[in-house]
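Under the working numbering, the first residue of the sequence shown is numbered 364, with each subsequent residue one higher.
Take a look at the structure below.
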Amino acid sequence: MAVTVGIDIGTTSVKAVAVDDDGRVLRRARVVHEVRMPGPGVFEHDPDLAWRAGVLAAFEEVRQGLDVVAVNVAAMVPSLCAVDADGRALTPGLLYGDARGGAPSGANP
Numbered sequence: 364m365a366v367t368v369g370i371d372i373g374t375t376s377v378k379a380v381a382v383d384d385d386g387r388v389l390r391r392a393r394v395v396h397e398v399r400m401p402g403p404g405v406f407e408h409d410p411d412l413a414w415r416a417g418v419l420a421a422f423e424e425v426r427q428g429l430d431v432v433a434v435n436v437a438a439m440v441p442s443l444c445a446v447d448a449d450g451r452a453l454t455p456g457l458l459y460g461d462a463r464g465g466a467p468s469g470a471n472p
């Protein structure tokens with residue numbers, strides 16, 4: 364039986380679901396990741412946990428023993444993370460509520 368896996372990378376967790384050709388849900392998984400708010404206007408997470416480790420763990424949990432023929436991924440937006448040439452995170456993932464990307468006080472956009 365052909366199976367499609369859907370993965371949702373959310374603010375607080377990664378969710379995965381495996382469905383068959385008739386849309387029947389075969390398996391579900393949820394991997395929680397921490398959101399950090401270490402100071403005023405700071406809203407971030409560890410991108411390696413949210414975007415890599417969480418995705419891989421959720422996918423592995425739902426795919427075991429199934430004939431996965433397709434994978435669809437949806438992700439939270441907007442968020443920002445500087446990466447190196449190999450795609451490794453250099454900074455925390457700045458989430459949509461982080462004020463550090465705003466215009467400086469008194470700036471005229």
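Backbone N, C-alpha and C fix where the C-beta goes; we use that ideal spot for every residue, glycine too.
Below 8 Å on the Cβ atoms is my guess for residue i versus residue j; work out the distance and round it to an integer in Å.
i    : j    : result
P455 : E407 : 4 Å
A421 : A379 : 4 Å
D411 : A452 : 6 Å
Does residue i come out as helix, strand or coil in the three-state DSSP assignment?
i    : result
E407 : strand
V440 : coil
Between residue i and residue j, is the Cβ-Cβ spacing less than 8 Å?
i    : j    : result
G329 : V394 : Because the chain spans 364 through 472 in this model, residue 329 falls outside it and cannot be assessed.
L429 : V382 : no
G464 : L443 : yes
H396 : D385 : no
Against chain C, does residue i count as a neighbour if the rule is that its beta carbon must be under 8 Å from one of theirs?
i    : result
G369 : No chain C appears in the structure shown, which is made up of a single protein chain.
Rounded to a whole number of angstroms, what is the C-alpha to C-alpha distance between residue i and residue j?
i    : j    : result
L457 : V405 : 8 Å
A437 : L419 : 14 Å
A413 : V440 : 13 Å
V425 : D449 : 28 Å
R415 : R390 : 20 Å
G369 : P401 : 32 Å
M364 : V377 : 25 Å
In terms of DSSP beta bridges, what is residue i paired with?
i    : result
R393 : K378
L457 : E407 and L443
D371 : K378 and A437
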